[in-house]
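Undergrad: When you line the sequence shown up against my numbering, it's residues 763 to 1019, in that order. Cβ coordinates follow ideal geometry from the N, Cα and C atoms, glycine included. The following block contains the structure, expressed as structure tokens.
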Amino acid sequence: MSYETLLVETRGAVTLVTVNRPQALNALNSQVLADLIAAFAAYDADPAQRCLVLTGSEKAFAAGADIKEMQAKGFAQMFGENFFAGFERVTATRKPWIAAVSGYALGGGCELAMMADFIIAADTAKFGQPEIKLGVAPGMGGSQRLTRAVGKAKAMDMCLTGRMMDAAEAERASLVSRIVPAADLVAEALKAAEAIAGMPPLAAIANKEMVNTAFETGLATGILFERRLFHGLCATADKAEGMAAFVEKRPGNWTGK
Ligand code: HXC
């Protein structure tokens, strides 16, 4: 399948999605949104694909929602269309995915990166929620996900001043899991994705659901959810295979069952 604003390729069990709207620094207009929804749905539905990497260009992962598209829209239209609610399809992706960020990840671009299971940043990455400078505020989850990732002080600082955070600060603040040299970004992200793609697939989904549940529940409920899901994984063929492979000192051969 081909997309107007994305390049999508598969490398074995890994899908690489590159946002490709260089004339607008990958600003997220309705077409990019529609393409992302379709690409993520296709990835989730393809049993041969086990991990996805989303990246942009060297200069910009995405410089935000498309300001020129939003300029003409007032409240009634935004509310009526439920503007950008479509991104809930991206966050509903069951299988793992990584954001590989080089250059600007601003506004909706930062928010899109934060929808990933984790972010690998190039040393050139710059994160920010500059919407305040446009008279608005984050609208794709930034005020919530940034605060959960970096805490109140830094989230307030970012949202109220609109300043950018460089890769080193983002790593210190736990917004990103690792920093790599810009030239190696996609290769390093693909390497991480290949490692994930080589894991038992049901266990990968379960691990993702457990960590995400930490953001949705209290501790006791989250721990119970974790334990029950752990018990459930013990009914899978891949659990039997994984433990046998360990004891027999050989690699596991996963069936996804
Ligand atoms: C539309 C954008 C854009 C955006 C850049 N462009 N960002 N178009 N929406 N978010 C376009 C520019 O208009 C320009 O087009 C071209 O991309 C290159 O950008 P320049 O500004 O010339 O590049 P540069 O001088 O290098 O500056 C880079 C930049 C700056 C610092 C990233 O572009 C910038 O500040 N962009 C806006 C960042 C922002 O405010 N993002 C938050 C958006 S609000 P032309 O045609 O002039 O060459 C948001 C809300 C989310 O995301 C919530 C929604 C519900």
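1. Within 8 Å: the Cβ of Ile799 and any heavy atom of the ligand HXC?
2. To which residues does DSSP link Glu771 through a beta bridge?
3. Mapping DSSP to helix, strand and coil, what is Cys872?
4. Ends of the alpha helix (DSSP H) at Arg989?
5. Report the partner residues of Phe880 according to the DSSP bridge assignment.
6. Is Lys857 near the ligand HXC, in the sense that its beta carbon is under 8 Å from a heavy atom of that ligand?
7. In or out: Asn844 buried (at least 16 other Cβ within 10 Å) or exposed?
8. Per DSSP, what are the beta-bridge partners of Cys813 in this structure?
9. Enumerated in chain order, which unbroken segments of the alpha helix (DSSP H) with a length of 4 residues or greater are wholly contained in the segment 903 to 954?
10. Using a Cβ-based criterion (distance less than 8 Å to any ligand heavy atom), does Phe846 qualify as near the ligand HXC?
11. Per the contact definition of three or more C-beta pairs closer than 8 Å, is the segment 962 to 980 in contact with the segment 942 to 949?
12. Around the C-beta of Gln891, are 16 or more other C-beta atoms found within 10 angstroms, so that it is buried, or is it exposed?
13. At a threshold of 8 Å, does Glu820 count as lining the ligand HXC (C-beta to nearest heavy atom)?
14. Between which residues of its own chain and Glu831 is the CB-CB distance below 6 Å, once the five residues before and five after are set aside?
15. Would you mind working out which of Leu795, Phe837, Phe880, Ala862 sits nearest Leu908, comparing C-alpha positions?
16. Would you check if the distance between the CB atom of Gly818 and the CB atom of Gly901 is smaller than 9 Å?
17. Indicate whether Gly903 and Met927 have their beta-carbon atoms separated by less than 9 Å.
18. Taking only three categories from DSSP, how would you classify Lys830?
19. Quick one, are the C-beta atoms of Val852 and Val815 less than 9 Å apart?
20. Determine which residues share a DSSP beta bridge with Leu790 and list them.
21. Confirm the yes/no value for this check: CB of Gln785, any heavy atom of the ligand HXC, distance under 8 Å.
22. When the Cα atoms are used, what is the spatial distance from Glu1010 to Met961?
23. Where do the N-terminal and C-terminal ends of the beta strand (DSSP E) with Lys895 fall, by residue?
24. Looking at C-alpha atoms only, which residue of Ala801, Ser864, Arg989, Ala838 is the closest neighbour of Ala854?
25. Could you check the C-alpha separation between Leu922 and Ile894 for me, to the nearest Å?
26. Can you tell me the Cβ-Cβ gap for Gln833 and Ala775, rounded? I've got them flagged as a contact below 8 Å.
TA: Taking the definition as stated:
1. no
2. Leu778
3. helix
4. 981 to 995
5. Ile860
6. no
7. exposed
8. Val776
9. 904 to 912, 914 to 923, 929 to 934
10. yes
11. no
12. buried
13. no
14. Asn791
15. Phe880
16. no
17. no
18. helix
19. no
20. Ala827
21. yes
22. 18 Å
23. No beta strand (DSSP E) contains Lys895, which DSSP labels as neither H nor E.
24. Ala801
25. 7 Å
26. About 41 Å; that fails the 8 Å criterion.
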